[in-house]
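Chains X and R supply the protein sequences, listed in that same order.
Going by my numbering, the first residue of the first sequence is number 1, and it counts up by one from there.
Going by my numbering, the first residue of the second sequence is number 937, and it counts up by one from there.
Backbone N, C-alpha and C fix where the C-beta goes; we use that ideal spot for every residue, glycine too.
A short worksheet on the structure shown next.
2 protein chains.
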Amino acid sequence: MKQIRTFLFTEAFRHFSPEGSAIDSVTRDAMKELLGGKGAGLAEMGASGVNVPPGLTITTTTCHEYYDQGGRLPDGLMEQVREKLAVVEGQLSRRLGDPSAPLLLSVRSGAKFSMPGMMDTILNLGLNDETVLGLAALSDTPEHRRFAWDSYRRFIQMFGNVVLDIEKEAFEHELSAVKAHAQVKLDSELGAEDFVSVVDRYKRLVREKTGGDFPQDTSEQLAMAIEAVFRSWNNPRAIFYRDLNKIDHDLGTAVTVQSMVFGNLDDKSGTGVCFTRNPATGARELYGEYLTRAQGEDVVAGIRTPRKIAELAQEMPAVNAELLETIARLEHHYRDLQDIEFTIEQGRLYILQTRSGKRNATSAVRVAVEMAQEGIITREEAIGRVDPRDLIQLLLPSFDIKAKARAKDDGRLLATGLNASPGAAIGEIVFDPDTAAERGARGDKVILVREETCPDDIHGMVPAQGIVTARGGMTSHAAVVARGMGKPCVAGCETFKIDVHARTLSVAGKVFRDGDVISIDGATGEIFAGSIDTAEIAGSEHLDLLLSWADELQGLGVRANADTPEDARLARDFGAVGIGLCRTEHMFMAQERLAVMQRMILADDKASRQAALDELLPMQRADFVGIFEAMDGLPVTIRLLDPPLHEFLPRLEELIEEVATLKAAIKYKRSGGRKAGSSNSTSKAPKLEVQLAERQALLAKVRDLSESNPMMGRRGCRLGLVDAEINVMQVRAIFEAACDVQSRGARVLPEIMIPLVGHVNELAFARAVLEKTALEVMSERGVNVEYKFGTMIEVPRAALTADEIAQHAEFFSFGTNDLTQMTFGFSRDDAEGKFLNHYLEGIDVLGEKKRVLKDNPFAQLDVGGVGKLMRLAADGGRSVRPGIKLGICGEHGGDPASIAFAYELGLNYVSCSPYRVPIARLAAAQARLSGGQRDR
Amino acid sequence: MKQIRTFLFTEAFRHFSPEGSAIDSVTRDAMKELLGGKGAGLAEMGASGVNVPPGLTITTTTCHEYYDQGGRLPDGLMEQVREKLAVVEGQLSRRLGDPSAPLLLSVRSGAKFSMPGMMDTILNLGLNDETVLGLAALSDTPEHRRFAWDSYRRFIQMFGNVVLDIEKEAFEHELSAVKAHAQVKLDSELGAEDFVSVVDRYKRLVREKTGGDFPQDTSEQLAMAIEAVFRSWNNPRAIFYRDLNKIDHDLGTAVTVQSMVFGNLDDKSGTGVCFTRNPATGARELYGEYLTRAQGEDVVAGIRTPRKIAELAQEMPAVNAELLETIARLEHHYRDLQDIEFTIEQGRLYILQTRSGKRNATSAVRVAVEMAQEGIITREEAIGRVDPRDLIQLLLPSFDIKAKARAKDDGRLLATGLNASPGAAIGEIVFDPDTAAERGARGDKVILVREETCPDDIHGMVPAQGIVTARGGMTSHAAVVARGMGKPCVAGCETFKIDVHARTLSVAGKVFRDGDVISIDGATGEIFAGSIDTAEIAGSEHLDLLLSWADELQGLGVRANADTPEDARLARDFGAVGIGLCRTEHMFMAQERLAVMQRMILADDKASRQAALDELLPMQRADFVGIFEAMDGLPVTIRLLDPPLHEFLPRLEELIEEVATLKAAIKYKRSGGRKAGSSNSTSKAPKLEVQLAERQALLAKVRDLSESNPMMGRRGCRLGLVDAEINVMQVRAIFEAACDVQSRGARVLPEIMIPLVGHVNELAFARAVLEKTALEVMSERGVNVEYKFGTMIEVPRAALTADEIAQHAEFFSFGTNDLTQMTFGFSRDDAEGKFLNHYLEGIDVLGEKKRVLKDNPFAQLDVGGVGKLMRLAADGGRSVRPGIKLGICGEHGGDPASIAFAYELGLNYVSCSPYRVPIARLAAAQARLSGGQRDR
């Protein structure tokens, strides 16, 4: 039996799929191994029924033969090639070497794995002194004549270099000579006659270099080209590339010989690109552009403006109809939106290439949903088609991509800080919260730019469009509060030099003043001068459908982190099935409450402390009422006060500065008073002294509360274990609210979460005290609330002793932010700007740049380290309480890779900020679909 | 066969040990179960051949019978009691109820487990209206007559309350009436006749309350008393106690009936206490005191001054000889120094009680060593007899215990801070390091009292006797440096109010000035006003011998933490087998080096940075030369720079204050200048401005380096990974020193330790860079040094991924301080004064005081949490590198309980401060002897 060394595109697919049906990935791999990636692609496209410029592929096994025989084409190969080529010639009514109807060919390499640019390619094969005239004669324009001769000279140059091994520079030298003679600078300025003389010079060059004429026999051209492609498998470049990418050197390359078609022959010819659906909106419509009388390179060159694809219907109705039909075929075959290149040669449509089309999030969602509705893909596949991370574009304002790119080109990018809270915002700079509040009230759009923010600034953060800080990390006050508000924030712009007194911001060599407009992208951390157009947020109809399919898979529950009734409602709208983290401290940060909170902290005796707590109680209760109402029927996990108390007080450094200044001022007033005897100065001194005494007292208290490492200081449950009053007040507020709301007919499911537990006694003791309060309140109100007590697992020791802790906890919520901090020993605020950035970008290791960490562990859960602790905790917890409810709160709860791990661990839910809930719902479904083992 | 319900003391022991030989703990337990703790003790003492007041014990099984029969004494019991009692009567020539020679008895409870005070006791049983006269007649003094009647009234009162159930208050009421009548206030002021009338009143009271007379039949008294003791097993107090202590309610109590002997009968009678060896020095000599004509209570009352036991030899030579012989018996039987109580009745010696004698550390060591030498105990037992923690008393100055107690009684204890570095020191207060240096140079003994110390203070710490700080924890600068210097330090005396400008210290309502003397105890954290006598440090001859025995057991190696050649020599003297932790940063803290270090940190360009490093290199090399010479032949583990760089710079807060003050001063000078037109003030302003600019620049740098949580910031290996220069300089210094020392004939074994590794890449990359420097230096010098590279395991993630890390580490050293901090999420500096103190002392949990943590995890390794991580790390490390060297550095390395865990984990060594090396050596041997399973 004759060995099959060549396949026509149209027959190759049937060789692997005799029924012509879709193939699986193993078969596709085998096909690629035999025909190379390119040959297999063309075969599959051909088999899908679309019109591909016909051609054939010489197998990789032939390449093996070539090398086995010491670099000689196997006997009979060229006969087979000729045989198949005859079919091609028949289809196109052109023939290789026929001057009256010349067939031109491309000869390309193609290995199983893509090796872009590493091996050789020859185009326009088949041209010689006669066929070039025939090509020119195919059309009657001067442009076409120029095209023919340009193609011929390109062919000689490429063939000369690749096959005949003449260095490129020699050809460039000749071309330059012609350009000099023609007194032009660019190739495009040369005319047909110029190329005729280039061809002359090239042929002379070939003769000089090889001692023979440029081969005029087109069959000889073909054989030589095929051999050159085989040879190029082992050129040094290709070997180096395979070594680098660990590709087997024995695979060999296939050779694809394809007919060339011309979109520049007449008015019924053209070339274009199109998407099978709109990649911006996802609508099922042709989207693209084309040019008549043009080759692909003309479109790229941009000399003529292409026409919208919609016009094709008028200009070439038959071609348009064929294109529409082709699109349907390709989508059905490839089961995805396709980005295709096509050429029309004298009214005949050829598809040159098709691939999955890039699309934005809106389009991705709509395409996936509609394809599922059309039956092209399954719902599960639709879910898998959308990158959850891209959904943020659909949920929050973002800048128009092109507008942002233009702004960058214009040099308007001022800085890139930390992407602390996503969303796009445009506004006028203000440097202090009072101005922000005042101008915000007037309806001005402002962006608050601060060195860093503190609880005193809240009233200025609320009305601002966005927030920028020069210092502080992803967990700084600004970042946390902004995320909580769903407000764009860029933190830690270290290059910002802010002068609060002068009200100026210096950055990137420019100075901005109060009122200057900037645009900030909280999703990327970019800050721009001036205003940038925002993109429209599309309707959520398709997304809602996709997410409802996702929810049906029940990967794992998605809850939201929400601290206010507004957030709770938003979370529910976004599809959260509960609140996974309600941070009660944020309730104390509002300006009027902060004053009471400070009074409570600074109280000198129990009575005044309790009085302040009594004032806080109804405020906190009101918040809980709102949250419970919003979450009727869904669980609400409430974390008791967590941060150290000094976070509610003025900053130590500022107080030190104030006190020093006051002291110096008093000294001045006194000595000035004595010197000048001015009654004015002496009369002022006592007031200053009163002020000093007050500030000094506050400083003493703040100093007393300040800590070297507040992250690991007196916070979390430690606060309540030393002084239970605040927690008792909080639990009272929670249960009073729960009883009230429940007695109005709603179902309230509070889950009280005690933070920062590291030892079972901490939980057991705190719970004992607080559950008593809970029972008291329920008995006072005569209402029974279904409640749970549980804890955060955020201290490594809690994870290590989870079996002990679970005896007192009805649920665990992994506080992966702090757990990551303590497991790595990374203080996030300090790490991100001081060493973690270096770790992620790469550090110098003996001259090589190496990344210490592949991913930021605060963005994506560190499965190898933190994940091990989580697994210990989950196993430990289940060992004593099999059904224990497990969840993640913290930023990892919104990260798809981390959600996949959470699914694998068998967690019940993840919790994330409201805007990330849709992302997490989709990621949860994908985790389920990925089919990983799930612990229970 | 008759059921044996009673045993004479002299026969009980043989029941369990028919040969009368020593018994094992199982047999002792069985004996205690049958006879109760008290009965078993008396039986064993009796069996040892010493003369015990004779008596008998009724078994616990009899108690069961009593309850089984519904609260009735078993038939035949009293006959058996009478039978045994006859033996006792014969021995003493007295009889129960015999007025001419009355025998008095004590009747006591005694269960298997001690239940102090929970059950009932009756003394002086056997007294009645007739025998009281007989007792009085035994001696002819008025005191004795008073004693007899007082004994009778006490018996009626006790019997009345316990057996007849008459409330105590009724008796007290009668006694008060007699005292009122006699017009005295105290019992001791009553005479014999007064007690006669008390007895009358008591008998009348009994008649009123019970309707019958107080029982005059002594046999009836005895039966009733025995029954009452059985009954008291189930009184509510006893039941509660057993519930609380988880003691089985079915055990029952035994009843011990013992004859009472009298040391107050004549001049040949007396009572005393003595130790079988000197509990202060350990010398083999009688140590104690006695009184003639006295009962035990007379010694306690302290009315007469007891005599030294040495005088007994003159006064009663026969008794003295018997006492000496008894002592030898008791020591041989109990195999330990005994603390005994004895009574001499008319020339006859009775031993009332013997128990292991309390002793100080000096005595404990000498007694253990000498008893081993005498063959009484084995060397292994000797090792087990000394609490390693007590050795510190033998190694560092300490205050005389009595002198300290007196100082406390005198109200001189001012405060108790953290026991940051052990040892006792006395000196005059100085408030700043300059004064300390100046006065120290003059030879004055000073104690440096500071708010907290910083590297700038070192020159004042060196000459100080001790250091006290008002702020800062066990790992504060003062604490760490003082421990390194072996200098007493009390840190974090939060009640200290220091006014540096006024040079005063206010505490405990007193004000101390510069030059006032205080005494500090670094082992306890106590601070006293004035001077306190110190105890002498005994010779180390016995200790050296004990430790040499300990070392022979090869529990695990003990290395020392040492940063200087002096420390290294000291460590070697104390028996360290290497240095486990040499903290290189301490080498930069000396004053002249600090300036260079600061220059390096503040350098604006690479060149000046390198210039500073070039200056530091020879300094650091010289230190290593000294250390390597001192440790010739032993390994030296050197930790590369660990703390964040801001620790070498002035403190942020101080700079803020300075800058604010300077700013205000400039403002003053300017406005003052304008106002007054004084040339003086204007001429000063520019200087201030220069100063301000300089401080502002420094402030900016310090602010840039400052961190929110420096413990988890840019420190450890993170420093070197971002900027390798410092570490490269350090490794160069180490290897230059190693090559130099080795080429002079010593053996140098450096182990380079990279700190704070959490991810394998950190170690791999750092090692790659540093090992290259090491190889370069060795090649330059042409010397080959046996070196190792390894890492600290102090970040939880390192423990969790130890298998990965071990691929690049030849050793692990557990940095248990930081590992504890991060595993618990406790910043030690913040925890100790802010919540950990509450956790350890107990917090209020619904009205009950409960301890959250039993032990301070920074003092004693938390086996349940941190220990789990350590086990994971040890297992992980060994899984890829079976022989990996494992050790602990950090303070746990000197804690016996932690050393026991280290032994169990199979670690190769622990490392601790030089002064704790002997403690660790002993603890290591004890760990080995405790026979726990050891991982390998």
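The bridge partners DSSP lists for Val-1404 (chain R) are R:Val-1385 and R:Val-1426. Counted as a single uninterrupted DSSP element, the stretch harbouring Arg-881 (chain X) is not any beta strand (DSSP E), since DSSP gives it neither H nor E. Residue burial annotation: Gly-1012 (chain R) is exposed, with fewer than 16 other C-beta atoms found within 10 angstroms of its C-beta. For Phe-574 (chain X), the closest of X:Asp-187, X:Ala-560 and X:Thr-564 by C-alpha to C-alpha distance is X:Ala-560. Residue burial is scored here from C-beta neighbours: Arg-1378 (chain R) has fewer than 16 other C-beta atoms within 10 angstroms and is therefore classed as exposed. Under the three-state reduction of DSSP output, Asp-1739 (chain R) falls in the helix class. Put simply, of X:Met-45, X:Gly-110 and X:Ser-48 the residue whose alpha carbon is nearest the alpha carbon of Lys-32 (chain X) is X:Gly-110.
Using a Cβ-Cβ cut-off of 8 Å, Glu-1625 (chain R) does not count as an interface residue toward chain X, since no Cβ of chain X sits closer than that to its own. Nearest neighbour of Ala-958 (chain R) by Cα position, chosen from R:Leu-1266, R:Thr-1371 and R:His-1478, turns out to be R:Leu-1266. By the criterion of at least three beta-carbon pairs nearer than 8 Å, the region 59 to 66 of chain X is not in contact with the region 90 to 100 of chain X. With the rule of 3 Cβ pairs closer than 8 Å, the region 1487 to 1506 of chain R counts as touching the region 1558 to 1575 of chain R.
A residue is called buried once 16 or more other Cβ atoms fall within 10 Å of its Cβ, and Val-52 (chain X) is buried on that count.
Between Asp-1765 (chain R) and chain X, the shortest Cβ-Cβ separation is below 8 Å. Between the beta-carbon of Leu-944 (chain R) and that of Leu-992 (chain R) there is about 5 Å, and that keeps the pair under the 8 Å contact cut. Closer than 7 Å at the C-beta level to chain R, one finds these residues of the region 712 to 745 of chain X: Met-712, Gly-713, Arg-714, Arg-718, Leu-721 and Val-722. Secondary-structure assignment with DSSP links Asn-1060 (chain R) through no beta bridge to anything. The beta carbon of Ile-458 (chain X) is closer than 8 Å to those of Pro-433, Val-481, Met-589, Ala-590, Gln-591 and Leu-594 in its chain, skipping five residues each way along the sequence. Under DSSP, Met-753 (chain X) shares a beta bridge with X:Arg-639 and X:Gly-790. In the structure shown, Val-1638 (chain R) adopts helical secondary structure according to DSSP, grouped into three states. About 16 Å separates the Cβ atoms of Gly-509 (chain X) and Thr-416 (chain X), ruling out a contact at the 8 Å cut-off.
Under the three-state reduction of DSSP, Lys-497 (chain X) is assigned to strand.
Following the DSSP letters along the chain, one finds Lys-1542 (chain R) in no beta strand (DSSP E) but inside the alpha helix (DSSP H) bounded by residues 1542 to 1566.
Counting C-beta pairs closer than 8 Å gives three or more between the region 1851 to 1870 of chain R and the region 1315 to 1334 of chain R, which meets the contact rule. Contact holds between the region 112 to 119 of chain X and the region 237 to 248 of chain X, because three or more Cβ pairs, one in each stretch, are under 8 Å apart.
Taken in chain order, the complete beta strand (DSSP E) segments of 3 or more residues contained in the region 1670 to 1720 of chain R are 1685 to 1690. Chain R places a beta carbon closer than 8 Å to that of Ser-708 (chain X), counting this residue as a contact. In the structure shown, the three-state DSSP call for Pro-1369 (chain R) is helix.
If you draw a 10 Å sphere on the C-beta of Gly-1458 (chain R), you find 16 or more other C-beta atoms in it, and that means buried.
Note that the C-beta distance between Ile-156 (chain X) and Ala-225 (chain X) is not below 8 Å.
When DSSP states are grouped into helix, strand and coil, Leu-905 (chain X) belongs to the coil group. Contact annotation: in the region 1711 to 1734 of chain R, residues whose CB is within less than 8 Å of a CB in chain X are Glu-1730, Val-1731, Pro-1732 and Arg-1733. Taking Ala-535 (chain X) as reference, the option from X:Glu-174, X:Glu-325, X:Thr-816 and X:Ala-405 with the minimal CA-CA separation is X:Ala-405. Below 8 Å, too few C-beta pairs join the region 1706 to 1725 of chain R and the region 1586 to 1601 of chain R to call them touching: fewer than three. For Thr-1756 (chain R), the enclosing alpha helix (DSSP H) starts and ends at 1752 to 1760.
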